[in-house]
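S.K.:
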Amino acid sequence: MTSFDEQQTAVMEDTENIKCPSCGGNTNFDPATGGLKCPFCSHEIPIEATYEQNIELDFVEAGESLHHLWKEDKRVFSCENCGAQSVLDANVVADFCSFCGSSHIAITKQDAGIQPGLLIPFHISKEEANAKFKEWIKGHFFAPSKLKQSYQLNKISGAYLPYWTYDSHTRSSYVVQVGNYYYVTETRTVYEDGKARQVTEQVRKIRWHRESGNYREFFDDVLVKASTTIEPKLLQKVQPFQLASLTDYKVEYMSGFLAERYSVSLQQGFTEAQNFMKQRIISGIEGSIAGDIVEVVNVSTDYSDITYKHILLPLWISSFQFNQKIYQFLVNGQTGKVTGNYPISIMKVVLVSISVLMILFIVYMFVDS
-10 MTSFDEQQTA VMEDTENIKC PSCGGNTNFD PATGGLKCPF CSHEIPIEAT YEQNIELDFV
50 EAGESLHHLW KEDKRVFSCE NCGAQSVLDA NVVADFCSFC GSSHIAITKQ DAGIQPGLLI
110 PFHISKEEAN AKFKEWIKGH FFAPSKLKQS YQLNKISGAY LPYWTYDSHT RSSYVVQVGN
170 YYYVTETRTV YEDGKARQVT EQVRKIRWHR ESGNYREFFD DVLVKASTTI EPKLLQKVQP
230 FQLASLTDYK VEYMSGFLAE RYSVSLQQGF TEAQNFMKQR IISGIEGSIA GDIVEVVNVS
290 TDYSDITYKH ILLPLWISSF QFNQKIYQFL VNGQTGKVTG NYPISIMKVV LVSISVLMIL
350 FIVYMFVDS
């Protein structure tokens, strides 16, 4: 909510919501049917999945004009359902009216960056996401026993998060240090109980040499998140998404869900993709060289035929409260995979540690006897 004066400085923006032809209510996307469903009269409207936008776009042709992020201005929309004015944050595409709760999708006519071309629709419903969370939290042995009965679950929201995908051919010139093992026979003197004796043994040595060469690799659909709102480690754990299920972006899929605009630019995203590619290239070079030890000294990589896609991926996002502390969790809206933070019972950790030590002690005593 913002004050009247703040609303006057915001940009007025149109939104749309998809009305039920039967009762006039605001319909929502239904993951169970893959179409729209009216929550009031249960009327269903099918959505035809199309794949015309599943194409690679030229990264270079995107041009300098797309280096900017989304504008930071607040945007005001007037709800057609109840007439109230609500505010969309700069990084929001779809939201709910603050007064009546109806779903709204922004209609952005001005140049506001790159529009999503594809998305993966939600396959997991809110009820399924809640059930998967309960199953997940019960499966963590080190969580406090009281947590599983007394946690307070906050509202769970379905949100489309923005991502970039990048394709690129790479050609790398490298220099590596290669070590090969060889063995020599050495004799040394050892002392036991005050007596000296000679011991002859095989000692491993390393013979080093340098090599240089070229390495090529093609990268397909390197996924980079274009949002900064969720902890990166949590997002990593809830992956993978099955990108083969990408379908054309349509506002119908957004109805009833939150959606974010990208806050990481196309160029910033490619820099992150390059970091991923560099690590893969180094691993590839190390694996292609014959040697017992391979240490990469230098790598220089050229990237060519770079393409990208701007996509939206589905997540259920929520948190729960335990002992006055908030823990966030995520559910993959396509696969149902759950991840999150949760408290650890120190008492359980101590008891398990003591049990392990006792078992090791018993085994040691048995073997020693």
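Residue numbers for the sequence shown follow the working numbering, beginning at -10 and rising by one. Beta carbons: idealized from backbone N, C-alpha and C, even for Gly.
Pairs of beta-carbons, one from the segment 168 to 175 and one from the segment 223 to 232, closer than 8 Å: are there three or more?
M.R.: No: the two stretches stay apart, fewer than three of their Cβ pairs being nearer than 8 Å.
S.K.: Buried or exposed for His299, please, with buried defined as at least 16 other CB atoms from any protein chain shown within 10 angstroms of its CB.
M.R.: Counting Cβ neighbours within 10 Å, His299 comes out buried, since at least 16 surround it.
S.K.: In whole angstroms, what separates the C-alpha of Pro221 from that of Phe207?
M.R.: About 25 Å.
S.K.: Tell me, please, whether the segment 186 to 198 touches the segment 236 to 254 by the rule of three or more beta-carbon pairs shorter than 8 Å.
M.R.: Result no; under three Cβ-Cβ pairs closer than 8 Å.
S.K.: Nearest-angstrom Cα distance between Leu235 and Phe85?
M.R.: Their Cα atoms are separated by approximately 25 Å.
S.K.: Quickly, what does DSSP pair Gly329 with across the bridge? List them, please.
M.R.: Paired residue(s): Phe318.
S.K.: Can you tell me which of the three DSSP states Gln323 falls into?
M.R.: Gln323 falls in the coil class under three-state DSSP.
S.K.: Is DSSP giving Ala95 helix, strand or coil here?
M.R.: Strand at Ala95.
S.K.: How many Å lie between Val165 and Lys214 at the Cα?
M.R.: Approximately 33 Å between the Cα atoms of the pair.
S.K.: In whole angstroms, what separates the C-alpha of Tyr180 from that of Gln187?
M.R.: Going from the Cα of Tyr180 to the Cα of Gln187 covers about 9 Å.
S.K.: How would you call Leu349, buried or exposed, if buried means at least 16 neighbouring beta carbons within 10 angstroms?
M.R.: Leu349 comes out exposed.
S.K.: Under 8 Å, do Tyr149 and Phe246 count as touching if we go by C-beta distance?
M.R.: Contact: yes.
S.K.: Using the DSSP secondary-structure output, state which residues sit across from Trp153 in a beta bridge.
M.R.: In DSSP, Trp153 forms a bridge with Val213 and His299.
S.K.: Between Ser309 and Ser252, what straight-line distance do the alpha-carbon atoms span, to the nearest angstrom?
M.R.: The residue asked about is misnamed: residue 309 is Phe in this sequence, not Ser. If I take the Cα positions, the gap works out to 26 Å.
S.K.: With contact counted as at least three CB pairs below 8 Å, one residue from each stretch, are the segment 11 to 24 and the segment 102 to 117 in contact?
M.R.: Because the criterion of three Cβ pairs below 8 Å is met, the segment 11 to 24 and the segment 102 to 117 touch.
S.K.: Taking Phe265 as part of the alpha helix (DSSP H), name the residues at either end of that continuous run.
M.R.: Here the alpha helix (DSSP H) through Phe265 covers Leu255 to Ser277.
S.K.: Looking at the structure shown, is Trp59 part of a helix, part of a strand, or coil, going by DSSP?
M.R.: At Trp59 the pLDDT is 43, less than 50, meaning the model places this residue with poor confidence; the figure from the coordinates comes in the next sentence. Coil, per DSSP.
S.K.: Going by beta carbon distance, what residues of the same chain come within less than 7 Å of Glu41, once the five residues before and after it are set aside?
M.R.: So the qualifying residues of the chain are Asp237.
S.K.: Give the single residue among Ile351, Gly13, Ile219 and Ser307 whose Cα lies nearest to the Cα of Phe29.
M.R.: Nearest of Ile351, Gly13, Ile219 and Ser307 to Phe29, Cα basis: Gly13.
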